[in-house]
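Report on the structure given below.
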Amino acid sequence: MEETMFIDPQRCIGCRSCVAACRECGTHKGYSMIYVDYLDRAETTATMPTVCMHCTEPTCALVCPADAIKMSEEGIVMSALKPRCLDCRNCVNACPFGVPKYNTEMHLQMKCDMCYDRSSEGLKPMCASVCPTGAIAFGKYEQIVPLRRTKPVNVHVFGNQHVETKVYLMLPTDADAVEVDGCGVFEGMLQRPAEERQTPTVESWIDTQVEHSDKSNEF
Amino acid sequence: MHTIKTRDKFTSVVYGLAASAGLTLLVIVGSRNLEHYDAALFGYTVASVVAFGAIVYRYALWLSRPATRVYWRRGWQLFRDRRRLAENTKSAAQTITHNLVEQRFIRRRGFTRWLMHALIMWGCLLSAAVTFPLVFGWIHFKLEGERGYRTYLFGFPLNALDGRSIAAWVMFHALDFTAVMVLAGCAIAIRRRLRDRGAIALQQYMLDFVPHLLLISVSVTGLMLTVSSLWLGGYMYSFISLTHQALVIMTLFYLPFGKLFHVVQRPASVGVELYQRRAREMPQAACARCGVEFVSEMWLGDLKQVVAELGFDYTMPDGRQLQDYCPRCKRVMRGLSYASLPDRTAEVFRGSRAERNVERNVDFGLRNAD
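These protein sequence lines map, in sequence, to chains A and B. Take the first sequence: its letters are residues 162 to 380, numbered as in the numbering used here. Take the second sequence: its letters are residues 24 to 393, numbered as in the numbering used here.
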């Protein structure tokens, strides 16, 4: 599969069409595997869509004690194999992107698999097929990138860890990677003193009012 | 990244060989120095001994994975806690009943799925419970009087049975019943695999179809043995018997390396559940950003140890690990990093491929985009 996904959070309007459409996918019927999170509702209406980035060396697969998470030949990191998954939830808490979901009652881990039933046949994943703004796009690199004025980057730096992914994030700047350094503020980071910038801030009250399942990834 | 160490491979081979040797010894002892051993079943015995060694080898290799090793050690450590041994035993027994015997978690995924799995699982387990003791010479029967059948276990006499009774008929035909159970279960499974769009996309021939085909062929040839002896006067009996044996041996050899390995692997969920139950009672780790308690400190500590052992370094500038944040905060933090990109030193991205290509007179239909 030459196609991959291109995520442009600047275009996301928080409509959650993708969240609804995701439930229609044949490989995780009835359960949505995509997230649309508010960044800081006290400051902005900006939202962040998160799908599985399909790491080239997936932490979730390596921390799985049951060796249940496999990669397809195309580099898609699949949901845990049902007969093997022990419902330990290591993957849920090890994933740097906060993607895998689990259900204890059913002993089931599931995650975004780029709608493998569709994408393996050349169809767009459900989220990309319904996104009205192109915040989530699916296609070949040479098809999508020339249509955009944003820079495709597939490297994230989480502290000391470089993570390369199959999925691209479209950046407004010329940066070569997205550096996630734990700074928990929305804007004006550079105006703050360095020590304050490094200190993760507590969320605003309104952001704490999300469902607990949003924080634990239980579906 | 994690690769299997030569030492672990060597240790696993030693365990595998020891297991095969141990089973061979049990066959000899259990059949009273092969006195009650049926030489016609020699092929089955050799295959069972080899497959058992291979299963133990694979299991030992599986336990050498960093994550599995941590769970294994911690699970047993928690279980052996003297002050809670009785409580832990009760909890493990409950998990075994709910998860392994009743399989409630599959029932919650769907009734048909549960029925399919129950038919296949109990069909296979009951068949194994009948077959292996017979193959290893641990059980044999002797005629007593005209119709009496006495069972001997490890050479010790058990109850006698009227050979013409209903109980005896059920016992003698146990493998026919289990074969029908397996066939029914496989039929449900294959029907789903041929119709379900998700299953069609994900299934692989070797992983998902071969085990069903093996189980079906073993069951069908097994039933054919009954048909041949009961109604066809033993027609082609030895050929069917050989075919059945070959198929059973293939299935036994598939056991350690294919989908059926989950039969051996899955009971580990008893340990995982115990781990989680105990973890819930322990001090909980709060997310470093939003403060929500999302996992236990013990669990998080073990996870961080595994992540580091695998060669990852998720140490953040403030000294915390990325795993100290709840899944949602990880997503939000990434979003905030993205949103603050223009504040950082990187230049605004101006050299889009579109512009460059327009300059090179490559028309993407965007000439008037600005």
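Just so you know, even glycine gets a beta-carbon here, dropped at the ideal spot from N, CA and C. Note that the structure is a prediction, hence the values are computed from the model and not measured.
Taking a C-beta distance under 8 Å as the contact criterion, C216(A) and T326(A) qualify as a contact pair. Per the coordinates, the alpha-carbon of P226(A) lies some 18 Å from the alpha-carbon of V260(A).
Assignment of alpha helix (DSSP H) within the region 270 to 322 of chain A, counting only whole runs of 4 or more residues, yields 277 to 280, 287 to 291, 302 to 305 in chain order. Residues of chain A whose Cβ lies closer than 7 Å to the Cβ of P279(B) do not exist, since the nearest Cβ in that chain is about 14 Å away. Chain B places no beta carbon closer than 8 Å to that of A296(A), leaving this residue out of the contacts.
Not one beta carbon of chain B lies nearer than 8 Å to the beta carbon of H215(A). From the listed residues E320(B), Q288(B), L184(B), the smallest Cα separation to R303(B) is found for E320(B). For the 8 Å CB-CB criterion, T338(B) and G320(A) form a contact.
Annotation for E234(A): no alpha helix (DSSP H) segment contains it, and DSSP assigns it neither H nor E. Under DSSP, the beta-bridge partners assigned to Q344(B) are T338(B).
Exclusion of the five residues before and after N182(B) leaves R173, T174 as the residues of its chain whose Cβ lies within less than 8 Å of its Cβ.
CA-to-CA, the gap between R103(B) and E110(B) works out to about 11 Å. When the Cα atoms are used, L230(B) and V293(B) turn out to be separated by approximately 25 Å.
Taking C-beta separations shorter than 6 Å and ignoring five residues to either side along the sequence, the partners of R216(B) in its chain run A222, Q226, following chain order. Interface annotation for the region 178 to 200 of chain A against chain B: G187, T188, K190, Y196, D198, L200, criterion Cβ-Cβ distance under 7 Å.
Listed by position along chain A, the residues whose Cβ is nearer than 8 Å to that of H235(B) form an empty set, because the closest Cβ is around 13 Å away. Note on geometry: alpha-carbon atoms of S35(B) and L253(B) lie some 46 Å from one another. Between the alpha carbons of H140(B) and G208(B) lies a gap of roughly 7 Å. Taking R81(B) as reference, the option from F33(B), L206(B), F232(B), L148(B) with the minimal CA-CA separation is F33(B).
Listed along chain B are H285, Q288, each with a C-beta nearer than 7 Å to that of R245(A). The C-beta of M166(A) has 16 or more other C-beta atoms within 10 Å across all chains shown, which makes the residue buried.
DSSP places N264(A) inside the beta strand (DSSP E), whose first and last residues are 262 to 264. The beta carbons of V233(B) and Y298(B) sit no closer together than 8 Å. Approximately 6 Å separates the beta-carbon atoms of I143(B) and V205(B); this is inside 8 Å, confirming the contact. Between S54(B) and F159(B), the gap from beta carbon to beta carbon is short of 8 Å. The DSSP assignment places 197 to 218, 220 to 225 as complete runs of the alpha helix (DSSP H) inside the region 197 to 251 of chain B, in order along the chain (cut-off: 4 residues).
Flagged as an interface residue toward chain B: T220(A), by a C-beta distance shorter than 8 Å. Contact residues of the region 348 to 359 of chain B toward chain A are Y348, C349, P350, R351, C352, K353, R354, V355, M356, R357, G358, L359 (C-beta to C-beta distance below 9 Å). Contacts between S292(B) and chain A, judged by CB atoms closer than 8 Å, involve L247, D248, H268 in chain order. In terms of Cα proximity to S178(A), the closest of T220(A), C256(A), Y277(A), S290(A) is S290(A). For K28(B), the secondary structure class from DSSP, reduced to helix, strand or coil, is coil.
Within the region 291 to 322 of chain B, those residues whose Cβ lies closer than 9 Å to any Cβ of chain A are, in chain order, A291, S292, G294, V295, E296, Y298, Q299, C310, A311, R312, C313, G314, V315, F317, V318, W322.
At least 8 Å separates the beta-carbon of A44(B) from that of F75(B). Under the three-state reduction of DSSP output, K243(A) falls in the coil class, being neither helix nor strand. Under the 8 Å criterion on CB atoms, L142(B) is classed as non-interfacial with respect to chain A.
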